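Shown next, in structure tokens, is the structure this report addresses.
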Amino acid sequence: MAILISDVGITLAHFASHRLSSLWRLHAVHHSVKRLYGFNGLMKHPLHQLIETVAGTTPLLFVGVPQNVLMLLVVAVVLQLLLQHSNVAYFTGPLRRVLAINAVHRFHHLNTAEEGDVNFGLFTTLTDRLLGTAYFDSERTIGTKDLGIASTPNYPADYWQQLMQPFRRDKT
Numbered sequence: 020m021a022i023l024i025s026d027v028g029i030t031l032a033h034f035a036s037h038r039l040s041s042l043w044r045l046h047a048v049h050h051s052v053k054r055l056y057g058f059n060g061l062m063k064h065p066l067h068q069l070i071e072t073v074a075g076t077t078p079l080l081f082v083g084v085p086q087n088v089l090m091l092l093v094v095a096v097v098l099q100l101l102l103q104h105s106n107v108a109y110f111t112g113p114l115r116r117v118l119a120i121n122a123v124h125r126f127h128h129l130n131t132a133e134e135g136d137v138n139f140g141l142f143t144t145l146t147d148r149l150l151g152t153a154y155f156d157s158e159r160t161i162g163t164k165d166l167g168i169a170s171t172p173n174y175p176a177d178y179w180q181q182l183m184q185p186f187r188r189d190k191t
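Last residue of the sequence shown: 191 (the numbering used here), numbering continuous.
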């Protein structure tokens, strides 16, 4: 149950990060990658990670979730971020349209806002279905030319430069 509750908070924060320019500037670090592999899931601006953590855990703290459940949730989030951004093929059968697996989340990393503003969920697609942002296309192949930030093709590749990018005048 903790995973489902936190998924709603994290998904809504993620969705807002694509709608509000102040949050997008922090979140753009995550979208700047030009290929998908597991560790991309962990490549985030620390301030954006804090925002998603607060959004995902605050409801749980209000209902008094035990500390050991929160610790297991942290492990689950890290594992899911690695799996969701991996280039490993795994199959979930009939749950493939309910779970936010890598084959579903890849569409979120398409480099144009018109195509990439879909599939915000971390664990499930349930909140995406409510937001009208769930998208599935089992026939489409996504390559490296489809990834990154089309509006900012020269986004810094150096992580330290990426950490400073949200605070520069030429904000993304």
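In this text, a Cβ means the ideal position worked out from N, Cα and C, and glycines have one as well. Note that the structure is a prediction, hence the values are computed from the model and not measured.
For the 8 Å CB-CB criterion, leucine 100 and leucine 61 form a contact. DSSP, reduced to helix, strand and coil, places leucine 129 within a strand of the structure shown.
As DSSP reads the structure, leucine 118 sits in a beta bridge with Thr143.
Bounds of the alpha helix (DSSP H) holding threonine 77 are 65-81. Comparing alpha-carbon positions, the option among Leu141, Gly151, Phe126 lying closest to isoleucine 161 turns out to be Phe126.
In this structure, the straight-line span from the alpha carbon of glutamate 158 to that of threonine 76 is close to 36 Å. A straight-line Cα-Cα distance of about 16 Å links histidine 33 and isoleucine 168. Taking C-beta separations shorter than 6 Å and ignoring five residues to either side along the sequence, the partners of histidine 50 in its chain run Ile168, following chain order.
In the three-state reduction of the DSSP assignment, leucine 166 falls in the strand class. With a cut-off of 8 Å on Cβ pairs, the segment 108-126 is not in contact with the segment 66-74, counting fewer than three such pairs.
The beta carbon of leucine 166 is closer than 8 Å to those of Val52, Lys53, Arg54, Leu55, His128, Leu129, Asn130 in its chain, skipping five residues each way along the sequence. Assignment of asparagine 106 by DSSP, reduced to helix, strand and coil, places it in the coil class.
Tyrosine 178: member of the alpha helix (DSSP H) spanning 178-183, first to last residue. Counting C-beta pairs with one atom in each stretch, the segment 133-153 and the segment 170-181 have fewer than three that are closer than 8 Å, which means they do not touch.
Here asparagine 138 is buried: its Cβ has 16 or more other Cβ atoms, across all protein chains shown, within 10 Å.
Sequence-distant Cβ neighbours of serine 25 in its own chain, meaning closer than 7 Å and more than five residues away, are Gly75, Thr76, Leu79, Leu92. Within the same chain, Ile22 come within 7 Å of alanine 95 by CB-CB distance, once the 5 residues on both sides are set aside.
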